[in-house]
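In full-length UniProt numbering, the protein residues as written are 1 to 483. See structure below.
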Amino acid sequence: MKNKNQYYEQVAKDLLSAVGGSANISSVTHCMTRLRFSLKDESIPNDNDIQSIPGVVGVNRTGGQYQIIIGQTVNKVYDFLLKTGDLTQSSSSEDGLDENLKEKLTFKSIANNILNKLAGCLTPLIPMMVAASVFKMLGAILGPNMLNLIGTKTTLYQLFTFVGDAGFYFLPIVIGYTASKQFNTSRIIAMFLGAIVIDPNLIQIVKAGKPFDIFGITMPLINYSSTVIPVILAVWVMSYIEQFFKQHTAESISMIMVPTLTIAVMLPIMLCILGPAGNVVGNYICAGILAFGKLGGLPTIIAVGVIGAFWEILVMTGMHLLMLTTMMMIFAQSGHENFVTLGAVAASMSVAGMCLGAALRIKDKDQKALAWSYLIASFVGGVTEPGLYGLAIRYKRPFIGMMVGGFCGGSYAGMTAITAYVMVPVANFLSLTTYVGGQTNNLVNGVISGTIAFVVAAIATYSIGIESKTNKQSNEQIKLVEA
């Protein structure tokens, strides 16, 4: 363990130096496989130098972020990065904030900032949603819908149910916390806002359906449990209001007055304006995607197939986080999704299939061994980047095989109109459990879809072949992520 920690610490030190040190970092966070830097000067890091660091799979510049792809050990490198660089989790320095204020406002910069904030608010929720989804999945598998090993009145089934539901029901509180870190405001007060919108008394008022006003302003009757956008909007506005009261309140009474006045002002703003507006936006996004999935016929078949073919391109650019955050919102509000998830699961299986086809076709022993390791990393570890950068990007032709497999698997999923009931944000074979929860044939068709993607990608990659000539520099840059 000590040697492992020394390895991760050295990787963190090398990365910190390569990006220009702590002084050049405005903020840093991580997702499932990547370190995501917001740098003050993006010209400092040299992509080739960073890719030569052991443990680095690749780099990507997108959405105003400098992304370093590590793999499934990213959290360990991240922890040492914070410790080595004396950085704080997901927070920006004052200098970094000033830089953002000076940034020229354009449509692109505004869009990038919105996407970055959304990703920053929702990505940290993935571990909680994974755990909650697993409990819901266990209840579905063992319960009456599938194996019928436990009844709905047994304590074990009830345990799985309320633990799984809790991870989604209390989302507003947890999002209050993650949003407060993005908007640099009080963690506790932001969580308090999230707690207010799911308070049982408010829910009873909504269920009663009787008119209710806040300081004389009529409040729309909306149930905010499991919602996402309303609290993010509320915390964003709260960050300015709290800052205003901090600047204009005497120190002697600030501890009492600042939080009290902040909440007092936010109540009508949140419950009468931002909450309803955010709820409408969320409902339209949710209803639109679900409706497209239910449309059926050739349009849905082709659309899901296209997602399966092009999903990994989104992964390479980091733009898949936008779709994942949307999926998180849909699962939280509706409990199922029948469009994007289908293509994404097929795509992840096609990466593993591509790795298998390449491993069987490559003749060089060292490269063949790497291809087999990429297969394990993808199919078991759920990390697709090694295969993407080590095979698809490097050799070019396997990319075609991967896209063909993803399209075929996605098309079958769209044709059979399957539904994802559990959010499983991993890209390994366990992603197929997303189809657990409905009828048995839903899971069967889901597994068939993944199998088609895997087999077709493997056959297509093997048939198309691997380019014999490779770039020497590329050979040196492709690194295997340590498991």
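Every residue, glycine too, gets a C-beta built ideally from N, C-alpha and C. Bear in mind that the values here come from a model prediction, so they are computed numbers and not experimental data.
Are glycine 401 and glycine 343 closer than 8 Å when you measure CB to CB? no
Straight-line gap, tyrosine 157 to isoleucine 150 (C-alpha atoms, nearest Å): 7 Å
Cβ-Cβ distance between isoleucine 196 and asparagine 223 below 8 Å: no
Cα-Cα, which of Leu159, Thr260, Thr262, Ser431 is closest to valine 447? Ser431
Cα-Cα, which of Asn113, Gly85, Gly55 is closest to threonine 62? That would be Asn113, whose Cα lies nearest to the Cα of threonine 62.
What is the rounded straight-line gap between the Cα of methionine 270 and the Cα of histidine 248? If I take the Cα positions, the gap works out to 22 Å.
Where phenylalanine 310 and glycine 406 are concerned, what is the direct C-alpha to C-alpha distance, given to the nearest angstrom? 8 Å
Sequence ranges, alpha helix (DSSP H) only - wholly within the stretch 256-302, length at least 4: 275-295
Report the rounded CA-to-CA distance for asparagine 283 versus threonine 84, giving the unit in angstroms. Taking the CA atoms as reference points, asparagine 283 sits about 43 Å from threonine 84.
Report the CB separation of alanine 332 from valine 228 in whole angstroms; it is logged as a contact under 8 Å. Contact holds; Cβ gap of about 6 Å.
Any non-hydrogen atom of the ligand FMN closer than 7 Å to valine 57 Cβ: With respect to small molecules bound, the structure shown includes none, and the ligand FMN cannot be examined in it.
From valine 424 to threonine 300, what does the alpha carbon distance come to, in whole angstroms? 22 Å
4-residue-minimum alpha helix (DSSP H) runs that sit fully inside the stretch 155-212, ordered along the chain: 155-169, 171-182, 187-197, 200-208
Nearest to leucine 391 by alpha carbon, out of Thr416, Gln6, Met354, Tyr412? Out of Thr416, Gln6, Met354, Tyr412, Met354 has the C-alpha closest to the C-alpha of leucine 391.
Return the bridge partner residues of arginine 61 from the DSSP annotation. In the DSSP output, where bridge partners are listed per residue, arginine 61 has Tyr66.
Report yes or no: do three or more beta-carbon pairs, one from the stretch 41-55 and one from the stretch 3-23, lie closer than 8 Å? yes
Could you check which residue in Pro268, Pro211, Met255 has the C-alpha nearest to that of alanine 234? Pro268
What's the gap between the Cα of isoleucine 232 and the Cα of lysine 181? 11 Å
Looking at the secondary structure, which residues open and close the alpha helix (DSSP H) in which valine 455 lies? 440-464
Euclidean distance between Cα positions of phenylalanine 170 and glutamine 10: Between the C-alpha atoms of phenylalanine 170 and glutamine 10 there is a straight-line separation of about 39 Å.
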